[in-house]
Amino acid sequence: MRLAALLLALATAMPAHAADLATIDCVIDKLQPALREQVETDITRNMGEAALRPTYDAAVGTGLGIAAAACAAEHKWSEAAVSAARTYT
0 MRLAALLLAL ATAMPAHAAD LATIDCVIDK LQPALREQVE TDITRNMGEA
50 ALRPTYDAAV GTGLGIAAAA CAAEHKWSEA AVSAARTYT
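In numbering that gives the first Met the number 0, the protein residues as written are 0 to 88.
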């Protein structure tokens, strides 16, 4: 019984993760339209240059970091969730 109570306490105390369905679109939703366009431009270019390592405009990394930090504050994400959101958005 104590183990069940401990597990329940740990489960409810854990911060939300970026993969939660309720928050999975948070980072992309917080991007400014111009930054979304830059992401699309970079992805399109990277797809056309398949033999080269993908690159992104510096503004993309900065913007994703700002949006991920805002989502982390809003949803109480862990640092691991913030890192994943910046990387995989």
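Where a beta carbon is used, it is the ideal one built from N, C-alpha and C, also for glycine.
Of the candidates Cys25, Asp19, Ala57 and Ala21, the residue whose Cα lies closest to the Cα of Leu34 is Ala57.
Closest option to Tyr55, judged by alpha-carbon separation, among Ala67, Ala71 and Glu36: Glu36. Within the stretch 32-87, the complete alpha helix (DSSP H) segments at least 4 residues long are 32-47, 57-74 and 78-87, listed from N- to C-terminus. The alpha carbon of Tyr87 has as its nearest neighbour, out of Ala66, Lys75 and His74, the alpha carbon of Ala66. Counting along the chain, Asp24 sits inside no alpha helix (DSSP H), nor does DSSP assign it H or E at all. Between the alpha carbons of Val59 and Leu20 lies a distance of about 24 Å.
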